[in-house]
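To start, the structure under review is shown below, and the notes come after it.
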Amino acid sequence: MRTLLEVRNLTTEFATDGRRARVVDHVTFDLRAGEILGLVGESGCGKSTTGFSLLRLLPSNADIVEGEVWLDGEDLLRKSDEEMRRIRGSRIAMVFQDPMTSLDPSFPVGDQLAEVLEEHRGMGRPEALEEAARLLRSVGISSPEARLRAYPHEFSGGMRQRIVIAITLACDPQVLVADEPTTALDVTIQAQTLRLFRTLNTERRHTGILLITHDLGVIAQLCHRVAVMYAGEIVEMGDVEAIFTRPAHPYTQALLASIPARARGRGALPAIEGTVPNPMAYPSGCRFHPRCPKVFADCPQLRPQPVQLSPGHTAACLLYGR
Amino acid sequence: MNPRAMNSEMLLEVLDLRKHFPVARRLLGGAGSRKMVRAVDGVSFSLRRGETLALVGESGCGKSTLGRCILRLLEPTQGEIRFRGEDITHAPAGRLRELRRRIQIIFQDPYASLNPRMTIGQILREPLDIYNEGPSAQRSRMVTDLLSRVGLAPRYSHTYPHQLSGGQRQRVGIAAALALEPELIVADEPVSALDLSVQAQILNLLARLQQEYGLSFLLISHDLGVVRHFSDRVAVMYLGRIVEMAPTEELFVNPRHPYTQALLASIPQPDPRLRADPLPLAGEPPSPLDPPAGCHFHPRCPHAMPRCREHSPPHYDVAAGHYASCFLLDQTPAAAAAGGIPG
Amino acid sequence: MMAASGDVVSIEAPHRRRSSLRRSAAMSAGLVIAAALVFAATFAPYIAPADPTSMDFQAPFHPPNRAHPFGTDNFGRDVLSRVLFGYRTSLLVGTGSVALSLVGGIPLGLLAGYLGGAVDHLIMRPMDALIAFPAILLTVALAGVLGTSTFVLMIVIAVVYLPIMVRTMRAAVLAVRAEPFVEGARARGASNLRLALRHVLPNAIDPVLIQASILMGIAILIEATLSFLGLGTQPPNPSLGLMLADGRDIMRDAPWVVVFPGLAIMLAVLSFNLTADGLRDVLDPKADRI
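Those protein sequences? They're chains A, B and C, same order as listed.
Note that our numbering has the first sequence beginning at 62, numbered continuously upward.
Note that our numbering has the second sequence beginning at 20, numbered continuously upward.
Note that our numbering has the third sequence beginning at 77, numbered continuously upward.
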């Protein structure tokens with residue numbers, strides 16, 4: 062499989078109250094064509110910010126201070142705003158969490174689809190509308206020609222999310238970033254949406270999908286590879302089976318153990334003590350050490366680097382070397 | 020959760036409860052009847068002391084509305100609620116005041132469930148002051164005692180909600196619910212907004228408190244993993260009605276209503292080796308404003324039969340304490356002849 | 077105060093309670109200038125170089141000089157002193173009308189929003205009627221009926237602005253009333269009175285405070301306008317608007333007679349508007365969303 066996206070040492074900082082918070086810290090990963098890579102972690106781990114950094118959609122108080130994002134041989138971080146505007150939506154696109162606010166309520170959905178087609182693929186209006194109908198059908202919306210004229214509020218959450226997905230697919234992007242795409246949806250609707258992602262992945266082998274979520278169930282069902290984030294860093298990365306059956310990093314192990322669905326019996330769930338650290342005040346050494354059940358003397362002193370445990374499986378933990 | 024709940028006192032009984040909300044009248048066409056949102060449309064169940072009953076369902080199923088009716092934050096349109104044998108359905112304000120001590124609530128959103136302008140101590144103290152619990156001088160100590168029960172240090176008494184993390188705020192919410200020493204707590208999605216690692220902490224806390232204080236929980240949740248871990252019995256709701264009720268393990272191992280089956284099949288399992296690709300349930304959860312006739316689920320049901328469009332199925336017993344409202348379970352010869360598949 | 081670390085499933089950008097440096101600079105500037113104006117107005121009798129009403133027929137139409145930094149007007153009165161005393165009137169009217177509209181607006185908005193139903197209608201329909209009138213027209217009409225004086229002006233402006241205060245308060249109350257923490261307090265025994273005063277009001281007051289600071293600027297402008305038209309402050313009481321009216325005919329020859337009062341009005345309104353903007357940014361509870 063061809064490598065589409067190479068992210069190297071991506072580092073993003075937020076400035077607040079005069080201080081800087083390093084929300085994404087030297088994140089490095091690859092995304093291959095036809096692959097779904099899951100980026101999983103809890104709130105404050107930096108996964109969403111990583112996604113936004115790839116598209117350079119950060120708020121004014123955030124900066125990418127280091128790193129490279131190679132999309133098909135071009136470093137996106139070196140692009141001008143104008144160039145980025147052309148790339149965004151056409152070569153790399155994003156599906157956001159909340160389908161209620163992702164669509165402009167003032168325009169019919171057909172117009173919103175057509176706009177993207179006219180803008181990025183240079184189509185004329187009639188051609189764009191035809192293509193828009195075809196896209197709606199491909200995401201499972203019936204009678205698409207009639208629905209082109211409908212406004213977002215006339216659709217339910219699940220259907221809106223499909224429309225958003227259709228818009229992102231309009232230009233056949235190489236990379237699709239999905240940030241918590243099913244979190245706001247009901248369980249049965251989530252199942253439909255996950256199925257849609259699976260179908261898309263099967264049909265579009267030239268596209269890579271970066272799936273950002275906190276839901277380990279979604280990760281297990283959809284992803285080929287998984288990167289686990291904690292406190293701005295990737296602490297473990299590998300094939301989905303390896304991560305779920307042979308988790309190496311104590312954080313990954315603890316996270317998996319605390320899922321109620323995986324709990325054996327009714328006793329107390331093995332919970333991770335403490336809380337996620339504040340990005341303005343990360344612990345010294347390994348950022349997980351204050352909460353780690355396997356902590357030892359070196360952990361507060363040394364910053365662990367990713368160590369390869371087997372082909373394709375790395376973990377950043379001093380237990381496995383420095 | 021605890022077997023002794025099996026034979027304990029009946030704490031709460033809900034009988035054919037209905038809550039309808041009138042929708043604004045249309046301006047033109049005066050003869051048109053007022054449309055009603057039938058949020059809760061005939062729900063009956065009971066809850067024993069020390070037991071946890073879960074209400075599960077998706078948006079629009081009425082579980083939150085039902086919870087609020089039981090708390091009497093909403094007044095039911097029809098039906099009965101009995102608490103410890105007493106009919107509280109239309110209890111007057113004075114009686115309600117006393118009832119508030121017995122039935123409390125925990126909210127979903129830790130960021131919106133605490134008054135941002137009050138300190139934690141003030142929030143916890145307020146119910147003690149209102150109900151004159153203990154001598155006034157003791158109340159600060161009662162507040163720190165409540166905090167320690169939920170695992171928070173006394174110093175948090177002087178902090179404001181925004182200084183606390185989501186998990187800590189949820190602990191405060193639990194402490195507030197415990198302040199008046201209730202017997203029943205309605206927990207409305209108590210961990211849905213929390214991270215996985217914090218969810219486990221809070222669930223453990225709730226379990227411990229239940230053990231210590233003999234609390235009963237009405238757990239409202241859409242997260243079946245949480246439900247399976249924490250509850251004794253489960254009621255599955257769809258569009259204002261209970262479609263299936265069973266002891267927890269029984270429900271997960273032997274679901275009989277097509278909706279329950281679809282719901283369970285929809286949960287993404289956190290195990291990549293169990294990758295199924297079942298056809299998910301088609302369609303959207305319908306709006307309670309315009310419920311389908313007959314069985315509310317029939318438009319989406321893969322096993323719908325003609326009679327499902329016309330009649331609403333009654334409860335059919337499946338096993339001890341397990342029933343489902345589905346004509347598929349109709350074992351009468353006539354139904355079998357018509358093609359209803361028994362079991 | 078430490079920002080809470082999130083363990084809630086939501087957008088992750090670190091919570092910002094203060095706005096960026098850029099925006100708070102505006103508020104700081106606004107506050108500083110407004111404070112300076114309030115100081116000047118309060119201590120006008122002590123810092124004014126001359127008596128604003130004393131006429132010096134030997135020295136009319138003097139351009140700005142050392143003795144009279146803003147020059148003198150047609151009666152030889154010191155313009156600077158008149159501006160300072162004019163500020164007194166402006167701020168008096170501003171403060172008075174804001175105070176009156178808050179005293180009326182907060183309780184009415186709270187009752188309408190919290191109780192709803194018939195009470196809401198009873199309060200809001202007259203407010204809707206009031207809002208339908210253009211402000212200036214209403215003030216002129218009321219001033220015509222009630223007479224002209226600074227005090228009347230205060231009442232008139234308060235009445236004209238009352239519907240906005242009530243609406244703002246009511247909208248905020250409706251929003252806060254639906255919050256879970258109010259429901260929670262109610263579930264723990266709080267009476268309606270306690271809920272309204274202890275839980276809803278403190279959390280709904282912010283937009284009203286912002287409106288109040290906006291009103292300050294508007295009130296100053298209305299006072300100047302009406303005084304300019306002869307319907308507000310009457311001579312010989314000092315008023316910036318009156319100064320503009322008096323100086324109209326001699327503008328070409330002695331521009332300082334209108335320029336300085338004009339700048340003064342602008343400065344006052346600008347400073348209060350900046351403060352209002354800054355206040356809105358600071359009080360806005362929403363963290364920056366990506």
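Yeah, the Cβ is synthetic: ideal placement off N, Cα and C, and Gly gets one too.
query: Taking Cβ positions, are P331 of chain A and A318 of chain A nearer each other than 7 Å?; result: yes
query: Just the C-alpha distance for P139 of chain C and L307 of chain C, rounded to the nearest angstrom, thanks.; result: 29 Å
query: Which residue's Cα is closest to the Cα of M290 of chain A: A:G105, A:H267, A:I224, A:G201?; result: A:G105
query: Nearest to I10 of chain A by CA position, among A:P234, A:Q173, A:L118, A:A76, is which residue?; result: Past the edges of chain A, shown from 62 to 383, lies residue 10 of chain A, and the structure says nothing about it.
query: If the cut-off is 8 Å on Cβ atoms, which residues from the stretch 288-311 of chain A count as contacting chain B, listed in chain order?; result: V301, E302, F305, T306
query: How many Å lie between L167 of chain C and G323 of chain C at the Cα?; result: 22 Å
query: Is the stretch 164-184 of chain C touching the stretch 331-339 of chain C in the sense that three or more CB pairs, one from each, lie closer than 8 Å?; result: no
query: Quick one: using the 10 Å Cβ neighbour count with 16 as the cut-off for buried, is H367 of chain C buried or exposed?; result: The question about residue 367 of chain C has no answer, for chain C in this structure spans 77 to 366.
query: Mind listing the chain B neighbours of A332 of chain A? Cutoff is C-beta to C-beta under 7 Å, in chain order.; result: S216, A219, Q220, N223
query: Count the C-beta pairs between the stretch 232-245 of chain B and the stretch 67-76 of chain B that are closer than 8 Å, then say yes if the count reaches three, no if not.; result: yes
query: I'd like to know whether the C-beta of V245 of chain B is nearer than 7 Å to at least one C-beta of chain A.; result: yes
query: Output the distance between the C-alpha atoms of M298 of chain A and V368 of chain A, rounded to the nearest integer angstrom.; result: 10 Å
query: Start and end of the beta strand (DSSP E) containing H87 of chain A?; result: 80-93
query: In this structure, does DSSP put Y343 of chain A in helix, strand or coil?; result: coil
query: For A120 of chain C, I'd like the list of residues in its chain whose CB is within less than 6 Å of its CB, leaving aside the five on either flank, ordered along the chain.; result: L160, F161, R164
query: Within a Cβ cutoff of 6 Å, which residues of the same chain sit near M203 of chain C, ignoring the five residues on either side of it in sequence?; result: P239, V242
query: H91 of chain C to V337 of chain A, Cα distance in whole Å?; result: Its pLDDT being 37, under 50, H91 of chain C is placed unreliably in this model, and the value from its coordinates should be taken loosely. Their backbone Cα atoms lie some 15 Å apart in a straight line.
query: Any idea what DSSP makes of S63 of chain B, helix, strand or coil?; result: strand
query: Would P146 of chain B pass as an interface residue toward chain C - the criterion being a Cβ-Cβ separation below 7 Å?; result: yes
query: Using a Cβ-Cβ cut-off of 7 Å, state whether R265 of chain A counts as contacting chain B.; result: no
query: When you compare the CB of Q189 of chain B with every CB in chain A, is at least one pair closer than 7 Å?; result: no
query: Tell me which same chain residues have a C-beta within less than 6 Å of the C-beta of G233 of chain B, skipping the five on either side of it?; result: G69
query: At what residues does the beta strand (DSSP E) containing H39 of chain B begin and finish?; result: 29-41
query: Within 7 Å (strictly less), CB to CB, does H138 of chain C reach chain B?; result: no
query: Consult DSSP for N279 of chain C and reduce its assignment to one of helix, strand or coil.; result: helix
query: Under the rule that 16 or more other beta-carbon atoms within 10 Å means buried, what is R247 of chain B, buried or exposed?; result: buried
query: Here's the rule I'm using: 16 or more other beta-carbon atoms within 10 Å means buried, otherwise exposed. How should G183 of chain A be labelled?; result: exposed
query: Who are the neighbours of F126 of chain B on chain C, taking C-beta pairs under 9 Å?; result: P256, F257, E259, G260
query: By a C-beta neighbour count over all protein chains shown, 10 Å radius and 16 as the cutoff for buried, is M342 of chain C buried or exposed?; result: exposed
query: Could you give the residue range of the alpha helix (DSSP H) that holds N223 of chain B?; result: 215-232
query: Just tell me which of C:A126, C:V155, C:A135 has its CA closest to the CA of L339 of chain C.; result: C:V155
query: Using 10 angstroms around the beta-carbon of Y342 of chain B, count the other beta-carbons present and answer buried if the total reaches 16, otherwise exposed.; result: buried
query: Measure the alpha-carbon distance for G219 of chain A versus E241 of chain A and round it to whole angstroms.; result: 13 Å
query: Nearest-angstrom Cα distance between R352 of chain A and E231 of chain B?; result: 27 Å
query: Does the separation of the CB atoms of Y312 of chain A and F349 of chain A fall below 7 Å?; result: yes
query: Assuming L93 of chain B and S65 of chain B make a contact with CB atoms under 8 Å, what is their CB distance in whole Å?; result: That belief does not hold up - the Cβ atoms of L93 of chain B and S65 of chain B are roughly 20 Å apart, past 8 Å.
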